[in-house]
Amino acid sequence: MAVSLSRRNGLMAFIYWIWDSLDRTIFTAIKFSFPARFVSPFGFLGMLTFIVFIILGVSGALLMFYYEPILDRAWDSVEFINNDVPFGFHIRNIHYHGSNAMVMLAILHMYYQYFSGRYKIRNEILWVTGIILGTVTILEAFTGYDIIFSERAELAISIAASLTNSIPVAGPLIRDMAFGNGFHDFVLRFYTQHVFILPIVMLGLMAVHFPRFLVFDVPMVMAISGAILITGGVFPVDLGFKFQPTVPPGITVPEWYLTGLYAFLRTQYDKFVTGVLWPGLFILALLVIPFVDRYKKFSWKDKPLITAFGIVGIAQILVTTYWGFYIPPDSTLPLVERLVIDPIYLYTVMILLVPLGIGFSYMMIYLAKEAERKAKLAKEKGPQKVAKIEFSEKWVNWVIIALIAFMVFLNIAAYNAAITGMKNMGLFLAGLILIVFAGMFHVYRYSMAQTQVAPPPPSIKRNISSKAISGTATKELPTKDPDDGSEKNIQEKEVFIKELEKKDVHVPEPQAPEIQPKNAEVTSEKDPNIGVSDLKKP
Numbered sequence: 009m010a011v012s013l014s015r016r017n018g019l020m021a022f023i024y025w026i027w028d029s030l031d032r033t034i035f036t037a038i039k040f041s042f043p044a045r046f047v048s049p050f051g052f053l054g055m056l057t058f059i060v061f062i063i064l065g066v067s068g069a070l071l072m073f074y075y076e077p078i079l080d081r082a083w084d085s086v087e088f089i090n091n092d093v094p095f096g097f098h099i100r101n102i103h104y105h106g107s108n109a110m111v112m113l114a115i116l117h118m119y120y121q122y123f124s125g126r127y128k129i130r131n132e133i134l135w136v137t138g139i140i141l142g143t144v145t146i147l148e149a150f151t152g153y154d155i156i157f158s159e160r161a162e163l164a165i166s167i168a169a170s171l172t173n174s175i176p177v178a179g180p181l182i183r184d185m186a187f188g189n190g191f192h193d194f195v196l197r198f199y200t201q202h203v204f205i206l207p208i209v210m211l212g213l214m215a216v217h218f219p220r221f222l223v224f225d226v227p228m229v230m231a232i233s234g235a236i237l238i239t240g241g242v243f244p245v246d247l248g249f250k251f252q253p254t255v256p257p258g259i260t261v262p263e264w265y266l267t268g269l270y271a272f273l274r275t276q277y278d279k280f281v282t283g284v285l286w287p288g289l290f291i292l293a294l295l296v297i298p299f300v301d302r303y304k305k306f307s308w309k310d311k312p313l314i315t316a317f318g319i320v321g322i323a324q325i326l327v328t329t330y331w332g333f334y335i336p337p338d339s340t341l342p343l344v345e346r347l348v349i350d351p352i353y354l355y356t357v358m359i360l361l362v363p364l365g366i367g368f369s370y371m372m373i374y375l376a377k378e379a380e381r382k383a384k385l386a387k388e389k390g391p392q393k394v395a396k397i398e399f400s401e402k403w404v405n406w407v408i409i410a411l412i413a414f415m416v417f418l419n420i421a422a423y424n425a426a427i428t429g430m431k432n433m434g435l436f437l438a439g440l441i442l443i444v445f446a447g448m449f450h451v452y453r454y455s456m457a458q459t460q461v462a463p464p465p466p467s468i469k470r471n472i473s474s475k476a477i478s479g480t481a482t483k484e485l486p487t488k489d490p491d492d493g494s495e496k497n498i499q500e501k502e503v504f505i506k507e508l509e510k511k512d513v514h515v516p517e518p519q520a521p522e523i524q525p526k527n528a529e530v531t532s533e534k535d536p537n538i539g540v541s542d543l544k545k546p
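Dropping the structure here:
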């Protein structure tokens, strides 16, 4: 860490003391980078996923104070948190939408690393641990909404238990270990897995998965956090219906990251094949990608087969996700007819997506390379002028002042929403405050970066004055601006230069002033300002 010669006092001295003290810890083995300008968030989606994981840990710990992992009290305790606990509605919605955001960011992070070829250059361990970590992340989110023990949770529990039991040889043993011998055992075991076992496994995988160089972008972290709060305010999660063993459950679907698997299960085909084998093969294919990719380049445009495999996988996930959500709205149809999907129809579509995905991949590669070729030709013709938005220091100050005033207004509005019981609006405004703060922080770091930019050197203009002209030349320079590009002014300059050439008038070239070195020699010429106080100066 750098040593500063300036003396710090107060809070800054304490902060720097803590930072310097961390030099002896393992914390400094990780190199944090704080961008001074906007950088694409796709490069540090893993760090954003970890930030959401921390948000889930804090909000989940607060929910644990009131949740009761008992069969007949689980749903009632969640209802009590949502309706009666101060800020319980906000905490629960932050936790729910944060879990969805974590899964989404993890999937985006995986596919960005996949298409950019980051699993190469000795990053195979990072890729393998990342795939396992993503799978555990989905399991963590799955156990979370199961411990509410609503009707949807009961459906998920029944499906998961039957899939586990369908595994040959070890299936029944795994089912008894994970689910217990009844609903009473299940609630407590899933609660233990959700709040302790799976988070410990995730932290252990993170310790191996995290690279040494991490990017921590404050505006993007604030923006992601604000987006979670805004989503919770606009789309508050419903409690659903409490599971009653004597009441038949209605039609429901699992969370969006499990509906693709649910679509396969709705074909009524073998449970082990549809619910265990297909997902297992997909995960295994992702794990071996670094070891079968023999392309020498990293870009997706230079490895068509790997790109095609990724595009086909995304297309199949999107189709099965929609199919898992879709249920015919006609309530007059029998329940089985509304839920069951024709396996021939589903697998035919899945097979057709393979050539379509490969064709689409090669088409995109061709278009991308064609665009690169045209861009290279345009670059050879000359530099292209790029439009930029640059603010002066005055405008930057005004923008920051306006954003601060807007944040003050939002804080007043959020406080008013909280005291009047408008929970949704309060959560929405809190998220908006974080996003406005992210914008203000970005404007501030932009202004700080602009101050570090060196100003352009002044242009030296050749001034020709009538005083420098000797002889009988009495005609003066044009009185217009010498930089004026008008045709009349250019003609006047040309005529004037021709007259000077005819009369052989010498125009001196501009010369740089000679710089005299200053030294400590004592001369007879004493500066009157040296050694004289301000009161004695004339």
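In the numbering used here, the protein residues as written are 9 to 546.
Backbone N, C-alpha and C define an ideal beta-carbon position, used for all residues, glycine too.
The stretch 52-60 makes contact with the stretch 225-235; the number of CB pairs closer than 8 Å reaches 3 or more. Of V451, K305 and N101, the smallest CA-CA separation from L71 is found for N101.
G332 places its beta carbon 9 Å or farther from that of P244.
Residue pairing for S67: DSSP places it in no beta bridge. Residue environment: G367 is assigned as exposed (fewer than 16 neighbouring CB atoms within 10 Å of its CB, all protein chains considered). For L360, the secondary structure class from DSSP, reduced to helix, strand or coil, is helix. The continuous beta strand (DSSP E) containing L222 extends over residues F221 to V223. With a threshold of 16 other beta carbon atoms within 10 Å, H117 meets it and is buried. By alpha-carbon distance to L313, the top candidate from S400, I373, G288 and K382 is I373. Here the stretch 44-55 lies against the stretch 214-231, with 3 or more beta-carbon pairs under 8 Å apart. Assignment of S48 by DSSP, reduced to helix, strand and coil, places it in the coil class. Residue ranges of uninterrupted beta strand (DSSP E) with 3 or more members, entirely inside the stretch 196-266 and ordered along the chain, are 221-223.
The residue from D193, S170, K304 and T143 with its alpha-carbon nearest to that of L292 is T143.
Relative to the Cα of S369, the nearest Cα in the group L418, T329, G318 and M415 belongs to G318. For K39, the enclosing beta strand (DSSP E) covers residues K39 to S41. The beta carbon of D154 lies closer than 7 Å to those of A161, A164, I165 and F198 in the same chain, with the five residues before and after it left out. Distance from the Cα of A446 is smallest, within the candidate group G434, I408, W25 and F436, for I408.
The closest CA to that of H105, considering only F150, G240, Y74 and E132, is found on G240.
Pairing I238 with L147, the inter-Cα distance amounts to about 25 Å. Counting along the chain, the unbroken alpha helix (DSSP H) around K431 starts and ends at K431 to T459. In this chain, the alpha helix (DSSP H) harbouring P287 covers W286 to V300. L354 is a Cβ neighbour of T328, given a cutoff of 9 Å.
Nearest C-alpha to L266 among V111, D225 and Y127: V111.
When rounded, the separation of the alpha-carbon atoms in N419 and A438 is 8 Å. Burial state of G212 is exposed, judged by a 10 Å Cβ sphere holding fewer than 16 other Cβ atoms.
DSSP links S158 through a beta bridge to K250. Counting C-beta atoms within 10 angstroms of its own C-beta, D225 has 16 or more neighbours from the protein chains shown and is therefore classed as buried.
Taken in chain order, the whole alpha helix (DSSP H) runs of length 4 or more contained in the stretch 97-164 are 132-154. Distances from the alpha-carbon of L171 to those of V284, V195 and I140 put V284 closest. Rounded to the nearest whole angstrom, the C-alpha separation of I322 and Y330 is 12 Å. Considering only R302, F290, T340 and W403, the residue with the shortest C-alpha distance to I139 is F290. No residue range can be given for N17, since it is assigned to no alpha helix (DSSP H) and is classified by DSSP as neither H nor E. If the five residues before and after A186 are omitted, its C-beta is found closer than 7 Å to the C-beta atoms of T172 and R197, all from its own chain and listed in chain order.
For K311, the number of other beta carbons within 10 angstroms of its own is at least 16, and it is reported as buried.
Under a 10 Å Cβ-count criterion, V344 is classified as exposed, with fewer than 16 other Cβ atoms of the shown protein chains found around its own Cβ.
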